[in-house]
Structures are given as C-alpha cells and as structure tokens.
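Residues 0 to 309 (numbering that gives the first Met the number 0) are what the sequence shown spells out, left to right.
Worksheet: one structure, shown below.
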Amino acid sequence: MSATYLITGGAGNLACQLTHLLAGPGVRLVLFDRADRPVADTAAGCIYVQGDLSQPADIQRIVAEQRPQIVLHLGSLLSGSCEADRQRAWQVNADGGFHVFEAAVAHGVRTLFFPSSLAAYGSPLPDPLPEDFPQWPTGLYGVTKVACERLGIYYHAKHGLDFRCLRLPAVISRFAPRGAASAYSSLAFVDGVQQGSYIFKVNPGTRVSTVYVKDALRAMVELVRAPADRLTRRVYNIHALALSAGEVAEAVRQRWPNADLRFEPDPQVAALIESWPARIVDDSARRDWHWQPSYDLPKLADDMIQELRP
Ligand SMILES: NC(=O)c1ccc[n+]([C@@H]2O[C@H](COP(=O)([O-])OP(=O)(O)OC[C@H]3O[C@@H](n4cnc5c(N)ncnc54)[C@H](O)[C@@H]3O)[C@@H](O)[C@H]2O)c1
C-alpha cells in the first residue's frame with residue numbers, strides 16, 4: 000500500500016513500534032517529534048524531523064514539505080505532565096492538535112488518525128462502559144483528548160477530512176512512558192526483569208481494561224487501512240483484557256521467579272485507576288473492521304519476557 004505517512008510524536012513508545020508494522024514497498028515514513036532521538040528502534044529508512052507541535056510554522060512546514068497522504072497524530076503530553084504544566088499541556092495537546100488539523104486540510108492530507116484514551120470519559124463510569132457514554136473528563140489530559148476528538152468530527156463534517164480515532168485502554172508495552180498512571184502493568188515486567196523489583200502503587204485487585212501493544216498497533220493499522228464504506232463512525236473503542244494488577248504480578252513471578260514485586264498502594268493513584276472500567280464495549284470495532292485481540296495474559300507475558308530477557 001504505497002503512501003507517505005507522517006507520524007507526530009514519532010520518537011515515542013507507540014510510534015517507534017508502529018513504524019515496523021507500516022513499513023513496506025512504496026511506504027515513506029516521516030517521524031516528527033521534539034525529542035532528540037526515538038525511544039526505540041524504528042523501521043529502516045524512516046525520515047526523522049525535529050519540531051514542536053505547539054509551533055504552527057513547524058507543523059505547516061513538515062506537512063507542506065513531506066506531502067503525506069496519511070497523518071498519525073500521536074504527539075502528546077501524557078496525564079502527569081498535563082497536570083504539572085497546564086499551559087504547556089493546552090499548547091501541545093489542544094493547540095497542537097488544531098495546528099495538525101489545519102495543516103492537514105491546507106495540504107490535502109486524506110486520512111488523519113488520532114489515538115484517544117479511556118481518560119476521555121471521566122468518572123464515575125459504569126462497568127462495562129458503553130461506547131457512547133457521555134464524556135466529562137476530570138483530568139486535563141482527558142479534556143484535551145475530547146477536544147481533539149471533537150475537532151476531528153468537525154474537520155470530517157465541514158472539510159471532508161477522513162478522520163479516524165481509536166480510544167485506547169491501558170497499553171502494556173516494554174517502552175511505556177513512566178509518567179503514565181496506567182504504566183504499572185508494563186513496568187512490573189520491565190523493572191521486574193531488568194531491575195529485579197517493582198512496587199505497585201495500586202491494589203492487587205485493581206482491574207482495568209488493557210491491551211497488549213502488538214494488538215493495539217495492529218488495531219491502529221487496521222482502522223487506518225479499513226475501507227471507508229465499512230466505517231459507521233469516526234471514533235471507535237477497543238478492549239482486550241480485564242486485567243487486575245495481582246494477575247499481572249503473578250504472570251511476571253511465574254516467568255521470572257527472582258522478581259521482587261510488592262504492593263504499596265498510593266491512595267490517589269489507586270483511586271484514579273479504580274475509577275476506570277475493567278471492560279469497555281467495543282462492538283462497533285468488532286463489527287465494522289473485525290477488531291479482535293490476539294494476546295491473552297499468558298501469551299503477552301511470554302512475549303514481554305522474551306523481549307526483555309537480557
Ligand atoms: N500508551 C498508552 O497506554 C496510551 C493509551 C491511550 C492513548 N495513548 C496515546 O497514544 C499516543 C502515543 O503514546 P505513547 O505511549 O507513545 O507516549 P509517548 O510519551 O512515548 O509519545 C508521545 C511523544 O510525543 C512527543 N511530544 C511531546 N510534546 C511534543 C511537542 N511539543 N512537539 C512534538 N512532539 C512532542 C514526545 O516527545 C513523545 O515522543 C499519545 O497521544 C497518547 O496519549 C497512549
């Protein structure tokens with residue numbers, strides 16, 4: 000499928016791993032990020048351009064020069080950084096999103112993909128969480144996610160942009176950014192194997208909707224490449240596993256018995272995570288483009304350990 004893809008946040012956890020799925024004959028991959036270098040290996044031949052999402056000129060320039068047909072707008076500050084610097088969070092996530100949409104329509108981008116989050120809903124939430132449950136997020140990160148979801152619907156309706164969006168649950172990944180509140184499942188594997196210990200700040204019974212990174216990335220590619228006439232909506236939920244922190248700890252211990260994993264719950268962190276549902280209804284994704292997770296806990300745990308093993 001030949002095309003030029005521009006990935007904002009191209010140095011990050013999901014973007015780097017995504018390049019390996021997108022790469023192929025006739026595919027050009029352009030990565031845009033503020034960071035000096037990517038956090039992980041990227042596919043051979045990726046073009047890396049440094050720039051700042053909060054600067055409209057940086058976005059206009061990269062889209063005008065590279066002429067992508069498809070933009071994957073992954074660049075973002077995550078939940079902790081958003082609360083730590085609200086002004087910067089708005090500039091990067093909300094204004095930055097607006098700049099990306101504007102550049103996309105100005106330069107004829109066909110498809111714009113955006114990863115939203117469970118954090119776009121707010122709390123309290125029913126469990127399972129229906130697809131169209133009202134979105135009243137209480138964290139600034141979630142507010143900026145809703146802002147970009149709504150901008151996408153606007154640019155689709157008024158400017159014909161093929162906007163496609165996935166609300167991701169917690170993603171288990173060996174490159175998970177440490178600042179994300181939901182990173183504990185990933186860090187139990189990473190620190191358990193590489194440092195020999197990890198302290199969970201949530202309760203063993205804390206259970207949240209989760210997906211393994213390889214399934215999440217495949218879902219992103221499948222949604223981006225799904226035929227337009229199969230889509231009945233612009234924003235889809237996906238869910239894979241209702242995983243408790245205790246089950247994650249057990250899966251690590253079984254495979255890496257020397258890992259010293261302990262629970263010292265922080266009431267604030269635990270309350271935040273426990274406000275998220277364990278199951279999200281994702282019927283539309285399963286029906287429209289046949290979303291189906293392929294990693295259960297034993298399979299993802301084997302894969303994580305295999306990749307992290309020294
Ligand atoms: N990983 C998850 O569990 C998860 C869940 C839901 C949604 N998401 C979304 O997926 C996307 C990617 O997440 P990730 O896990 O790869 O996070 P990440 O932090 O690894 O990647 C985000 C990237 O954005 C870049 N960035 C930040 N500010 C920038 C700026 N001003 N200009 C240019 N680049 C900037 C960062 O340098 C980083 O490389 C984000 O939009 C995130 O909100 C992730």
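Where is the CB? At the ideal position from N, CA and C, for every residue including glycine.
Each of Ile171, Gly204, Leu20 was checked against the Cα of Ser181, and the nearest Cα belongs to Ile171. Per DSSP, Ile304 is one residue of the alpha helix (DSSP H) stretching across 296-307.
Short of 6 Å from the beta carbon of Leu30, and not among the five residues preceding or following it, lie these beta carbons of its own chain, in chain order: Ile6, Gly9, Cys45, Tyr47.
About 6 Å separates the beta carbons of Ile237 and Leu165, which is inside the 8 Å limit, making them a contact pair. Beyond the five residues adjoining it in sequence on each side, Pro292 comes within less than 6 Å, by CB distance, of Asp214, Ala239 in the same chain, given in chain order. By the 16-neighbour rule on beta-carbons within 10 angstroms, Asn12 is buried. For Ser184, the uninterrupted alpha helix (DSSP H) run begins and ends at 183-193, by DSSP. Tyr120: not part of any alpha helix (DSSP H); DSSP gives it neither H nor E. For Arg27, the Cβ stays outside the 7 Å cut-off from all heavy atoms of ligand 1. Rounded to whole angstroms, the separation of the alpha carbons of Val62 and Cys147 is 18 Å.
Burial is judged here by how many other beta carbons sit within 10 angstroms of a residue's own beta carbon; Trp135 has fewer than 16 and is exposed.
DSSP lists no beta-bridge partner residue for Gln90.
Minimum Cα-Cα distance from Phe262 among the listed residues Ala218, Ser184, Leu230 corresponds to Ser184. Within the DSSP secondary-structure output, Arg166 pairs in a beta bridge with Ser115, Asn236. The residue among Val201, His106, Arg229, Ala56 with its C-alpha nearest the C-alpha of His289 is Arg229. In the three-state DSSP reduction, Leu242 falls in the strand class (E or B). For Leu21 against Leu28, the beta-carbon gap comes to about 6 Å, under 8 Å, which counts as contact. Spatial neighbours of Ser243 in its own chain (CB-CB distance under 7 Å, excluding positions within 5 residues in sequence) are listed in chain order as Pro203, Gly204, Thr205, Arg206. Excluding sequence positions up to five before and after Phe112, its CB lies within less than 6 Å of the CB of Leu71, Arg163, Val223, all in the same chain and listed in chain order.
Ligand 1 has a heavy atom closer than 7 Å to the beta-carbon of Val91.
The Cβ-Cβ distance between Val104 and His155 does not fall below 8 Å. The straight-line gap separating the alpha-carbon atoms of Gln193 and Leu260 is approximately 13 Å. Counting along the chain, Asp282 sits inside the alpha helix (DSSP H) bounded by residues 282-287. The alpha-carbon separation between Ala14 and Leu160 amounts to approximately 22 Å.
If you compare the alpha carbons of Thr3, Gly95, Ala43, Pro24 with that of Gly107, the shortest gap goes to Thr3. A distance criterion of 7 Å places the beta-carbon of Pro114 in contact range of ligand 1, judged by its closest non-hydrogen atom. Residue Phe174 holds the alpha-carbon nearest to the alpha-carbon of Thr41 among Phe174, Ser283, Ala270. The beta carbon of Leu150 lies closer than 7 Å to those of Gly96, Phe97, Phe100 in the same chain, with the five residues before and after it left out.
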